[in-house]
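Novice: For the sequence shown, counting from 1, position 266 maps to 266 in full-length UniProt numbering; every step adds exactly one. Beta carbons are placed, not taken as given, at the ideal position from N, Cα and C, and that holds for glycine.
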Amino acid sequence: MRRLASLTLKQLRALEAVERTGSISRAAEELGLTAPAVHSQLRALDKTFGCVLLTREGAGKFGATPEGAALLQAWETAEAGFRRALQRIDALQKGMAGSVVLGVVSTGKYFAPGIVARLRKACPEIEIVLEVGNRDTIIAALQDGALDLAIMGRPPREPAVEALSIGDHPHVLIAPPDHPLAGATEISAEDVLQEMILMREPGSGTRILATRFLDRIGEGKPYARAEMNSNETIKQAVIAGLGIAIISYHTVAEELRSGRLVTLDLPGLPIMRHWFLLHRADRPVTGAARTVWDFIAAERAGFLPSWPPLRPPGMEGR
Numbered sequence: 001m002r003r004l005a006s007l008t009l010k011q012l013r014a015l016e017a018v019e020r021t022g023s024i025s026r027a028a029e030e031l032g033l034t035a036p037a038v039h040s041q042l043r044a045l046d047k048t049f050g051c052v053l054l055t056r057e058g059a060g061k062f063g064a065t066p067e068g069a070a071l072l073q074a075w076e077t078a079e080a081g082f083r084r085a086l087q088r089i090d091a092l093q094k095g096m097a098g099s100v101v102l103g104v105v106s107t108g109k110y111f112a113p114g115i116v117a118r119l120r121k122a123c124p125e126i127e128i129v130l131e132v133g134n135r136d137t138i139i140a141a142l143q144d145g146a147l148d149l150a151i152m153g154r155p156p157r158e159p160a161v162e163a164l165s166i167g168d169h170p171h172v173l174i175a176p177p178d179h180p181l182a183g184a185t186e187i188s189a190e191d192v193l194q195e196m197i198l199m200r201e202p203g204s205g206t207r208i209l210a211t212r213f214l215d216r217i218g219e220g221k222p223y224a225r226a227e228m229n230s231n232e233t234i235k236q237a238v239i240a241g242l243g244i245a246i247i248s249y250h251t252v253a254e255e256l257r258s259g260r261l262v263t264l265d266l267p268g269l270p271i272m273r274h275w276f277l278l279h280r281a282d283r284p285v286t287g288a289a290r291t292v293w294d295f296i297a298a299e300r301a302g303f304l305p306s307w308p309p310l311r312p313p314g315m316e317g318r
């Protein structure tokens, strides 16, 4: 360990240059040093290891002894490692490498993987960690500093954030295609409130939105509801005929295209909100997070399913 502690990069560069050029004077010229300075570096190395590392016959070229060759081999490996480290540092400073934790509310999990896939193709040195949870979970993670960036609906009041709208976020009332109200042109609030309403769990932004809408159109009248903890469960329950639900269009775009679900027309629908990309206001976005922010901001709605939806074949006139 004492030998390692006394080694310097200058000494190793001098050893490599003299061995490669075969001359102290040529090595000194290449390194921008004087010949005595290079000679001094070599003598210090010999003293450190207690042996001669370079030899030459008469006025011939310098060559490495077996001990010198071993040290030069180690230096070659170390130098390659330093080059890789410098490249990595440069990439980190330019925001082209690093790790970014992206939080997404559970409604966004239907398009968020596409964002991550495109980011990985464009910026392969950036590791994207995707964290999915309901609105309360994502806000708590922002508060704790566990997220670099987040995608969600209405930005929270706390913590304070910097937010950028990246596209429309429609919410629709869905039912199975054979539902009595499917295709009806005049649906009343009473018609809807007589149905079983399938709801997300407390803490979900979709639940908050649906509750406010139903309370408004029903003027606070009670209605039957069933609680489910995921959009996927709600979709399957509606398809099975267990009830109807107000849900993000982006979670049911495929089912609407295929005709497995339909939307019900009701005044005030769809409820149009926005998707936001955001970060904590007290933590400026830098490095890799800035690259991810700029990438998503440039694409914006290009990541989202098209709106309005295309009607499935055979339903164009409905």
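1) Write down the C-beta distance between L264 and I244 rounded to the nearest angstrom, noting that I regard them as a contact closer than 8 Å.
2) Could you name the residues of the same chain whose beta carbon sits closer than 6 Å to that of E158, not counting the 5 residues immediately before and after it, in chain order?
3) Taking the alpha carbon of G50 as the point to measure from, which residue in T65, M228, L193 has its own alpha carbon closest?
4) Please identify the residue among L15, T48, V100, A85 whose C-alpha is closest to the C-alpha of Q73.
5) My parser needs the beta strand (DSSP E) runs of 3 or more residues fully inside the region 255 to 307; what are they?
6) What separation, rounded to the nearest whole angstrom, lies between the Cα atoms of M228 and P177?
7) Excluding the five sequence neighbours on either side, which residues of its own chain have a C-beta within less than 7 Å of the C-beta of K10, listed in chain order?
8) Find the nearest neighbour of G259 within the set I271, V238, M272, judged by alpha-carbon distance.
9) Can you find at least 3 beta carbon pairs, one from the region 140 to 155 and one from the region 210 to 224, that sit closer than 8 Å?
10) I think L304 touches L173, with their Cβ atoms under 8 Å apart; what is that distance to the nearest whole Å?
11) The alpha helix (DSSP H) that contains E190, what's its start and end?
12) The beta strand (DSSP E) that contains E227, what's its start and end?
13) Cα-Cα, which of G98, P36, V105, L181 is closest to H123?
14) Starting from G114, trace the alpha helix (DSSP H) both ways and give me its first and last residue.
15) So the candidates are P170, R135, H39; which of them puts its Cα closest to the Cα of S230?
16) Along the chain, where does the beta strand (DSSP E) that runs through H171 open and close?
Specialist: Quick answer:
1) On the sequence shown, residue 264 is found 264 positions in, with the first residue counted as 1. On the sequence shown, residue 244 is found 244 positions in, with the first residue counted as 1. Confirmed, about 7 Å.
2) In the sequence shown, the residue the question calls residue 158 occupies position 158. Counting only Cβ-Cβ distances below 6 Å, and skipping sequence neighbours, we find nothing.
3) On the sequence shown, position 50 is the one that residue 50 refers to. Out of T65, M228, L193, T65 has the C-alpha closest to the C-alpha of G50.
4) As a position in the sequence shown, residue 73 is number 73, starting the count at 1. That would be L15, whose Cα lies nearest to the Cα of Q73.
5) 271 to 280
6) Start at 1 with the first residue of the sequence shown, and residue 228 comes out as number 228. Start at 1 with the first residue of the sequence shown, and residue 177 comes out as number 177. Going from the Cα of M228 to the Cα of P177 covers about 21 Å.
7) As a position in the sequence shown, residue 10 is number 10, starting the count at 1. Excluding sequence neighbours, K10 sits near Q41.
8) Locating residue 259 in the sequence shown gives position 259, counting from the first residue. Of the candidates I271, V238, M272, the one whose C-alpha sits nearest the C-alpha of G259 is V238.
9) no
10) The residue labelled residue 304 in the question sits at position 304 within the sequence shown. The residue labelled residue 173 in the question sits at position 173 within the sequence shown. Actually they are not in contact, since the Cβ atoms of L304 and L173 sit about 20 Å apart, beyond 8 Å.
11) Position 190 of the sequence shown, counted from the start, is the residue given in the question as residue 190. Start and end: 189 to 193.
12) In the sequence shown, residue 227 corresponds to position 227, counting from 1. That run of the beta strand (DSSP E) goes 225 to 227.
13) To locate residue 123, count along the sequence shown from 1; it is residue 123. It is Cys, not His, that sits at residue 123 in the sequence shown. Of the listed residues, the one whose Cα sits closest to C123 is G98.
14) Residue numbering aside, residue 114 sits at position 114 when the sequence shown is read from its first letter. Bounds of the alpha helix (DSSP H) holding G114 are 112 to 122.
15) If you number the sequence shown from 1, residue 230 lands on position 230. Nearest of P170, R135, H39 to S230, Cα basis: R135.
16) As a first step, residue 171 must be located in the sequence shown, where it is residue number 171. Here the beta strand (DSSP E) through H171 covers 161 to 175.
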